[in-house]
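**Student:**
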Amino acid sequence: MALGRLVATLDYTDIVDVVRSGLHDFLDAIQDKLNGVGKEITHTFFAQRWRGESLR
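Structure below.
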């Protein structure tokens, strides 16, 4: 889900919108989305193992 939001933002954000809102704010939002992707990857592939659960 987070990856889809990131891809959509990158695909559909116009450079005019980036300039209007400011590059710093745009990059902050991208970084937040990247952090969300990382959290989902961790939860999906690693967190279950740390709790001793099987992935299958």
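In the working numbering, the protein residues as written are -13 to 42. All C-beta atoms in this analysis are idealised placements derived from N, C-alpha and C, irrespective of residue type, glycine included. The model shown is predicted, which means the values in this text are computed figures rather than measured ones.
Are Glu26 and Ala(-6) close, meaning C-beta to C-beta below 8 Å?
**Tutor:** Going by C-beta atoms, Glu26 is not nearer than 8 Å to Ala(-6).
**Student:** Hey, Leu20 and Leu(-8): beta-carbon distance below 8 Å or not?
**Tutor:** Yes, the Cβ-Cβ distance between Leu20 and Leu(-8) is below 8 Å.
**Student:** Does DSSP put Gly8 in a helix, in a strand, or in coil?
**Tutor:** DSSP places Gly8 in coil when its eight states are reduced to three.
**Student:** On the DSSP letters alone, give me the boundaries of the alpha helix (DSSP H) that Asp(-5) sits inside.
**Tutor:** Strictly speaking, residue -5 in this sequence is Thr, with Asp absent from that position. Unbroken alpha helix (DSSP H) run through Thr(-5): -12 to -2.
**Student:** Measuring only the C-alpha atoms, how far is Thr30 from Gly22?
**Tutor:** In a straight line, the C-alpha of Thr30 is about 12 Å away from that of Gly22.
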